[in-house]
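Chains as they are written, first to last, in the UniProt record's numbering: chain A, 1 to 330; chain B, 1 to 391.
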Amino acid sequence: MGIAAEALKDFKGFNLKKLPEVEPLSSGHRACQGCGEILALRQVLKALGENVIVASATGCMEIVTSPFPQTAWRVPWIHVAFENAAAVISGVESAYKALNRKGKIDQPDVVFLAYGGDGGTADIGLQALSGALERGHNFIYVCLDNEAYMNTGIQRSSSTPYGAMTTTSPPGKKSIGQRTWKKNVAYIAAAHGIPYVATASPAFALDLMNKVKKAAMIPGPAYVHIFSPCPTGWRHETDLAVEVARLAVLTKIFPLYEVIDGRWILSRKVAKPKPVSEYLKVQRRFRHLTEKDIEDIQRRVDEEYEDLLRRCAMSGGEPEKKEGEEAQGD
Amino acid sequence: MGKRVGMEVSIAAAEVVGLCDVDVIAAYPITPQTHIVEHLSELVADGHLDAEFVPVESEHSAMSTCVGAAAAGARTFTSTSSQGYALMAEICYIASSLRLPIVMAVANRALSAPISIWNDHADMMMARDTGWIQTVAENGQEVVDLLLHAYRVAEDPRVLLPVMVNLDGFILSHMIEPIYMPDKEEVQRYLPPYKPALRLDPRNPMTFGPVGMPEVYTEAKKAQDEAMKGALPVIVEAWKEFEKHFGRAYHPVETYKTDGAEILLLTMGSVSETAMTAVDKMRAEGKKVGLVHLRLWRPFPAKELVEALQGAKAIVVVDRAMAFSTQSGPVCVEVKAALFDHGISTYVQNFVAGLGGRDVTVEDFEMMVAKTSDGLAKGLPMTYEIVNVRE
Ligand SMILES: Cc1ncc(C[n+]2csc(CCOP(=O)(O)OP(=O)(O)O)c2C)c(N)n1
Ligand code: SF4
């Protein structure tokens, strides 16, 4: 049995009827109305409870939760810079390891969480993330992927999807908008051979929380990539974040899966996928796309989904059945 | 009891850090600093030092890891040089703003381009405004002593600032010197265990590094500046304590044969020892020359410096780094400002010497003194020049 499977032997998932009451991230923060990122972060923290130390990258979630002298954090939290959340948590985790071993403290069960946006993860912070994953620190890294640099005003990142409009990938006579396909950081994380990688969505809250709980139980690094709609940057209605996140999964654009000890496992098979156009049309960042562009995107989405299925089949990963999951699914 | 040993200075630096009960060391290689962290990794590997050795993937992460570890309550150490310092500089500002008592040894080296692995003070000068305390060693013994002193100062509850100990790359870092190495008990008597004022602890949650709106940023910087200024007496006190424990005395500003001196050389780092030889030679020839050298670069000991320089007819400031397109090198700017603030208008000549590993010799000092004395006699304007440039 691999490290992760061993640690998850007695795993019990959260129950839809009885969710944890703790709110380590308090209300009263300053995120925009309908922000999918803060919703995802809240779910992550509910899943982790209060015996946690959090390192934040610069970005929306740092700015909106910590304007001095206020703080939305009921757990210890540190922000240092944009690109180094993984390196900072490496230090925190190493300190706890040394201090516990040397008998200077007795706190062996603290959970270490680092999080950053897609810019702080896929671009400028990728090196620090890769270093920390490779060194095998016992921590969880959460990427809150809203597919652009939102904090600085909706500029493209390497996680911005093909064709999307941002302020540095504007569509025009000679441009479709974002010209490159989304960088797949979850695959990059998995290529490090770490015990646990997962994708998650705040529209599937139980699944997200269960994955984060697993990530905390497994020794060594864990990476969770969370799809996080941003009404401000994606130009969709503020009450649609959850709906947009759900559509991303149901159109196969953002499939939910886990990689446990190198075994790829689909969290939910999208048997009857919706067309990507349904997802694209509710967001004004895609409104300039032509039928032909949408066909190209559909083709690419299908190919990528096939690739994922192949990985699952080849590594012998079986889709897992989860309690309560159907109730909030399609 | 400690003992006198013949040892490479880098190894001695690592040994003394190893005696300081450090908890976390983050390291990334760069010449000429490498021997320090290599030896620390050996101490950890052999079980002589109980610490987490984190072999990070860059200097940026080295400092980030130290920040995380120090915030979690660990005693931390890292070391770098030149380009490595440049890469970590972003986080160095944050380390001091978060008031984390990290200690770092910098084996001073020139900055690219052209790439040069040899010694000058460009990295030390880049660190000038980061809010770190900076001490400067002249020889191997001082490297050991200043590292011990660094932890004592950094962790003093009245200070809580990171400390950078500067040692000249190769010239010091790779020398084998006789060094008095204290033993663990001696170190423990001088250096109390680290008790963090605040730490990342789920039982007592705190927010570290929040956003500073315009209403608070200036106040935060003022508080930081006051902490830095307030560190000066603590630094001096820690040196006095050091003298009681180990018998070696240190001061922010050191003087050599300054009695009756009309021309004073002003230096920093290992070049001060060459300057002393030059002073001896010139004194033997009847020239009234003395030496003032700075041991403490930040906080800048302006008052002590002015006291040391007062009464001289001319001052020869030797800079080891460029400040492009200015009227003086970085050290000389400070010296002139300090004199001006105290209403003193001594004749000051500034020479930039020893860039990128170029030797600074006794003859160079003689030449600088001769030029200065000539300029003073003829009433020539004060100058700033790079010495020994081949045209
Ligand atoms: C070294 C550095 N470069 C640039 C910035 C400016 N900056 C701050 S946050 C940010 C974008 C954050 O985007 P992302 O990581 O995607 O998070 P989001 O705000 O979208 O949640 C940028 C570019 C910075 N703080 N530091
Ligand atoms: S800009 Fe987007 S990600 Fe940032 S707080 Fe607003 S909705 Fe959330």
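Heads up, the beta-carbon is just placed ideally off N, CA and C, and yes, glycines get one too. This structure is a prediction, so every number in the text was calculated from the model and none was measured.
Opening and closing residue of the alpha helix (DSSP H) in which residue i lies
{"i": "B/Glu262", "result": "Here B/Glu262 belongs to no alpha helix (DSSP H), and DSSP marks it neither H nor E."}
{"i": "A/Ile294", "result": "Glu291 to Ser315"}
{"i": "B/Ala14", "result": "Val9 to Leu19"}
{"i": "B/Leu167", "result": "Per DSSP, B/Leu167 belongs to no alpha helix (DSSP H); it is in the beta strand (DSSP E), Val163 to Asp168."}
{"i": "B/Asp145", "result": "Gly140 to Ala154"}
{"i": "B/Met104", "result": "Not the alpha helix (DSSP H): B/Met104 falls in the beta strand (DSSP E), residues Val103 to Asn108."}
{"i": "B/Ile115", "result": "Unbroken run through B/Ile115: none, as it is neither H nor E."}
Cβ of residue i within 8 Å of any chain B Cβ
{"i": "A/Leu41", "result": "no"}
{"i": "A/His29", "result": "no"}
{"i": "A/Ala222", "result": "no"}
{"i": "A/Tyr96", "result": "yes"}
{"i": "A/Gly153", "result": "no"}
{"i": "A/Trp73", "result": "yes"}
{"i": "A/Asp10", "result": "no"}
{"i": "A/Leu99", "result": "yes"}
{"i": "A/His79", "result": "yes"}
{"i": "A/Glu37", "result": "no"}
{"i": "A/Arg311", "result": "no"}
{"i": "A/Val197", "result": "no"}
{"i": "A/Glu325", "result": "Unreliable placement is indicated for A/Glu325, whose pLDDT of 45 sits below 50; no coordinate value is reported for it."}
Cutoff 7 Å; reference residue i; Cβ partners in own chain excluding five residues on either side
{"i": "residue 380 of chain A", "result": "No answer is possible for residue 380 of chain A: it lies beyond the span of chain A, which begins at 1 and ends at 330."}
{"i": "B/Ile11", "result": "His35 and His39"}
{"i": "B/Met1", "result": "Asp183"}
{"i": "A/Arg311", "result": "Trp264"}
{"i": "A/Ala327", "result": "Because A/Ala327 carries a pLDDT of 38, less than 50, the predicted location of this residue cannot be relied on, and no value is offered for it."}
{"i": "B/Val5", "result": "Ile179 and Met181"}
{"i": "B/Val360", "result": "Val271, Thr274, Ala353 and Gly354"}
Anticipated Cβ contact below 8 Å, residue i with residue j, distance rounded
{"i": "B/Leu232", "j": "B/Pro301", "result": "7 Å"}
{"i": "B/Pro330", "j": "B/Ala321", "result": "6 Å"}
{"i": "B/Val103", "j": "B/Ala69", "result": "About 12 Å separates the two Cβ atoms, so there is no contact after all."}
{"i": "A/Gly120", "j": "A/Phe82", "result": "5 Å"}
{"i": "A/Gly163", "j": "A/Phe286", "result": "6 Å"}
{"i": "B/Ala27", "j": "B/Ala62", "result": "6 Å"}
{"i": "A/Gln127", "j": "B/Ser58", "result": "6 Å"}
{"i": "A/Ala95", "j": "B/Ala74", "result": "4 Å"}
Close-in-space but distant-in-sequence residues of the same chain around residue i (CB under 6 Å, 5 per side omitted)
{"i": "B/Thr258", "result": "Gly290"}
{"i": "A/Ala205", "result": "Gln43"}
{"i": "B/Ile386", "result": "Val352"}
{"i": "A/Ile294", "result": "Ser277"}
{"i": "residue 407 of chain B", "result": "A question about residue 407 of chain B goes unanswered here, because the residues of chain B that appear run from 1 up to 391."}
{"i": "A/Gly324", "result": "Any answer about A/Gly324 is weak, because its pLDDT of 43 lies below 50 and its placement is not dependable; what the coordinates show is given next. Leu16 and Leu206, listed in sequence order."}
{"i": "A/Gly329", "result": "Bear in mind that a pLDDT of 42 at A/Gly329, under 50, signals an unreliable position, so the number given afterwards is only what the model happens to contain. For A/Gly329, where only same-chain residues beyond five positions count, there are no Cβ hits under 6 Å."}
CB contact check: residue i to chain A, cutoff 8 Å
{"i": "B/Cys66", "result": "yes"}
{"i": "B/Phe208", "result": "yes"}
{"i": "B/Glu90", "result": "yes"}
{"i": "B/Ile94", "result": "yes"}
{"i": "B/Asp280", "result": "no"}
{"i": "B/Val17", "result": "no"}
{"i": "B/Met367", "result": "no"}
{"i": "B/Leu376", "result": "no"}
{"i": "B/Ala223", "result": "no"}
{"i": "residue 403 of chain B", "result": "No answer is possible for residue 403 of chain B: the residues shown for chain B start at 1 and end at 391."}
{"i": "B/Thr383", "result": "no"}
Proximity of residue i and residue j at Cβ, strictly below 8 Å
{"i": "B/Lys180", "j": "B/Gln141", "result": "Checking the displayed sequence, the identity of residue 180 of chain B turns out to be Tyr instead of Lys. Yes, Cβ-Cβ distance for B/Tyr180 and B/Gln141 is below 8 Å."}
{"i": "B/Cys66", "j": "B/Leu148", "result": "no"}
{"i": "B/Glu241", "j": "B/Tyr190", "result": "yes"}
{"i": "B/Gln83", "j": "B/Leu111", "result": "yes"}
{"i": "A/Val75", "j": "B/Pro202", "result": "yes"}
{"i": "A/Leu240", "j": "A/Pro255", "result": "no"}
{"i": "B/His121", "j": "B/Gly269", "result": "yes"}
{"i": "residue 331 of chain A", "j": "A/Val64", "result": "There is simply no residue 331 of chain A to check, as chain A begins at 1 and stops at 330 in what is shown."}
{"i": "B/Val362", "j": "B/Met175", "result": "no"}
{"i": "B/Arg248", "j": "B/Asp168", "result": "no"}
{"i": "B/Ala308", "j": "B/Thr274", "result": "no"}
{"i": "B/Trp132", "j": "B/Met164", "result": "yes"}
{"i": "A/Lys211", "j": "A/Phe11", "result": "no"}
{"i": "B/Asn139", "j": "B/Glu186", "result": "no"}
Residue i: first and last residue of the uninterrupted beta strand (DSSP E) it sits in
{"i": "B/Ile386", "result": "Tyr384 to Ile386"}
{"i": "B/Ile315", "result": "Ala314 to Asp319"}
{"i": "A/Gln283", "result": "Where A/Gln283 is concerned, there is no enclosing beta strand (DSSP E), given that its DSSP letter is neither H nor E."}
Same chain, Cβ closer than 8 Å to residue i, neighbours up to 5 away in sequence not counted
{"i": "B/Glu304", "result": "His251, Pro252 and Val253"}
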